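The next block holds one structure in the form of structure tokens; read it before the comments.
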Amino acid sequence: MPLVSMRQLLDEAAKGGYGVGAFNVNDMEQIQAIMGAAQETNSPVIIQASRGARAFAQDRYLFHLILAASELYPDIPIAMHQDHGNSFETCKSAIELGYTSVMMDGSLKEDGKTPSSFEENVAVTKQVVDYAHERGVTVEGEIGVLGGVEDGHGAGGSGLEHITDPDQAVEFAERTGVDALAIAIGTSHGAYKFTKRPDGSVLKMDVLIAIHKRLPSTHLVMHGSSSVPKDLQDIVNEYGGKLKETWGVPVEEIQLGIRNGVRKVNVDTDNRLAITGAIRKVLWTQPEKFDPRDYMKPAREAMQKVVSQRMTQFGQAGHAHDYSPISIETIAKGYKDGSLATRPLVAAK
Ligand code: G3H
Ligand code: 13P
Ligand code: ZN
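So in this note's numbering, the last one in the sequence shown is 349, and the numbering has no gaps at all.
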């Protein structure tokens with residue numbers, strides 16, 4: 001099956017009332033882990049690459065690895081997504097490569113660190129929407145700013161500094177025509193999200209629910225959605241790691257989000273922890289080993305286990321064969337003739 005539009009995946013998820021995990025990749029083993037999990041659970045998938053991932057793996061290696069996945073698993077719909085595009089140019093280059101979806105993260109300036117103004121965000125996101133939709137490519141925007149820094153990307157802070165304002169979310173969705181909207185509700189990228197199990201004072205599910213009420217037909221996206229499970233932290237630390245005690249986003253809160261319009265759930269850190277724990281364990285307990293396959297295979301298996309679990313918890317499991325893929329060309333026509341218009345349905349306050 002060719003790569004499919006993320007818009008189609010998310011529209012189907014909305015129809016079915018489930019969420020779709022968007023998992024970050026940097027290498028072949030991570031792609032294999034996701035596809036293994038998708039096959040095991042019969043799930044549609046979103047594979048996403050950050051700018052850092054594209055630079056690390058080199059664009060063409062990464063893109064062809066994902067094409068290989070679509071050849072090896074012809075029955076599984078795969079959307080390939082640019083995570084946190086920092087500029088029109090970054091998104092354009094992903095579209096030229098063949099990505100079927102891009103995130104224009106205009107919540108930050110092009111440096112990927114400094115919060116931008118609302119008007120700057122609207123302008124650059126709209127520019128990407130116009131370019132992408134003409135080519136049948138899905139666009140995710142972001143309003144409000146997440147906390148944390150990953151690989152130099154991010155505003156830092158706790159995530160509470162720039163919580164999304166529901167009125168701004170409505171205006172942003174209306175003026176840009178994005179297909180999916182990432183909102184800031186107190187989560188951060190990376191392992192250090194919360195210093196205790198989060199409650200409503202730090203994880204603003206009420207804001208998410210308020211936004212969904214105002215924008216009932218906009219696909220919401222939760223970034224920074226790793227749960228940072230204690231058992232994965234413990235494995236890393238048992239075998240020589242030095243992670244400080246930390247809490248992520250409880251899966252039940254993500255499920256509450258999914259009941260309230262969340263269709264895309266971004267997870268990277270949990271997989272990083274699973275991989276690192278598995279590699280540490282082999283190298284710590286069997287220091288004589290030096291064949292990378294001896295630790296990459298358990299690492300891949302550990303990631304597959306986490307991804308399978310999340311696919312099941314988010315509800316996408318069992319939905320890979322619900323629909324046939326719509327070609328990107330047909331999707332482009334839909335944007336043009338208005339049948340896929342993303343003008344949001346806005347509900348009264
Ligand atoms: O946006 C956050 C993802 O975890 C990707 O992180 O920029 O270090 O590849 P990265
Ligand atoms: P985590 O760091 O919580 O896995 O978040 C990943 C993410 O939001 C990627 O865009
Ligand atoms: Zn993110």
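For each residue, glycine too, the CB sits at the ideal point set by N, CA and C. Just so it is clear, the structure is predicted and the values come from calculations on it, not from any experiment.
With a cut-off of 8 Å on Cβ pairs, the region 12 to 21 is not in contact with the region 275 to 295, counting fewer than three such pairs. For GLU96, the closest of GLY248, PHE63, SER107, LEU9 by C-alpha to C-alpha distance is PHE63. If you draw a straight line from the Cα of MET6 to the Cα of PRO287, it is about 43 Å long. In the three-state reduction of the DSSP assignment, GLN286 falls in the coil class.
In the structure shown, the three-state DSSP call for GLN316 is coil.
Within its own chain, the residues whose Cβ lies closer than 6 Å to the Cβ of SER43, once the five positions on either side in sequence are excluded, are MET311, GLN316, ALA317, ALA320, listed in chain order.
Sequence-distant Cβ neighbours of LEU340 in its own chain, meaning closer than 6 Å and more than five residues away, are GLY334.
Membership of LEU160 in any alpha helix (DSSP H) is not indicated, and neither H nor E is assigned to it by DSSP. Shortest gap from the CB of ASP268 to any heavy atom of the ligand G3H: under 8 Å.
Separation of GLY106 and ASN271 (C-alpha to C-alpha, rounded to the nearest whole angstrom) is 26 Å. The DSSP-derived three-state label of GLU96 is helix. Within the same chain, ALA37, GLU40, THR41 come within 7 Å of SER308 by CB-CB distance, once the 5 residues on both sides are set aside.
In the structure shown, PRO292 adopts helical secondary structure according to DSSP, grouped into three states. In this structure, ALA53 has its CB closer than 8 Å to one or more heavy atoms of the ligand G3H. With contacts defined by Cβ atoms closer than 9 Å, MET28 and PRO74 do not form a contacting pair.
For LYS204, the three-state secondary structure derived from DSSP is coil.
In the DSSP assignment, VAL145 falls outside any beta strand (DSSP E), carrying neither H nor E.
Beyond the five residues adjoining it in sequence on each side, ALA302 comes within less than 7 Å, by CB distance, of ALA274, ILE275, GLY277, ALA278 in the same chain, given in chain order.
Taking 9 Å as the cut-off, the Cβ atoms of LYS305 and LEU10 do not count as close. At the C-beta level, PRO325 and GLN48 stay beyond 9 Å of one another. Inclusion of ARG54 and GLN82 in the CB contact set at 9 Å is warranted, their separation being smaller than that value.
Excluding the 5 residues flanking it on each side, GLY186 has same chain C-beta neighbours closer than 7 Å at GLY159, LEU160, ILE163, VAL202, LEU203, LYS204, in chain order. Approximately 7 Å separates the beta-carbon atoms of LEU72 and MET35; this is inside 8 Å, confirming the contact. In this structure, VAL228 and LYS196 do not form a Cβ contact; the two beta carbons are roughly 12 Å apart against a cut-off of 8 Å. Close CB contacts of THR246 within its chain, under the 8 Å cut and outside five residues either way in sequence, are with ALA191, TYR192, LYS193, PHE194, THR195, VAL228, GLN233 (chain order). Between VAL170 and VAL346 the beta-carbon gap is near 6 Å, inside 8 Å, which marks them as a contact.
Annotated as proximal: VAL221 and ILE183, with beta-carbon spacing under 9 Å. With respect to the C-alpha of MET80, the residue from ALA132, LEU3, TYR61 having the closest C-alpha is LEU3.
When the beta-carbon positions are compared, ILE143 and LEU181 come within less than 9 Å of each other. Contact check for ASN24 against VAL207 fails: the beta carbons are separated by 9 Å or more. In the structure shown, ARG60 adopts helical secondary structure according to DSSP, grouped into three states. For PHE23, the enclosing beta strand (DSSP E) covers residues 20 to 24. A direct Cα-to-Cα measurement between ASP111 and MET103 gives close to 15 Å.
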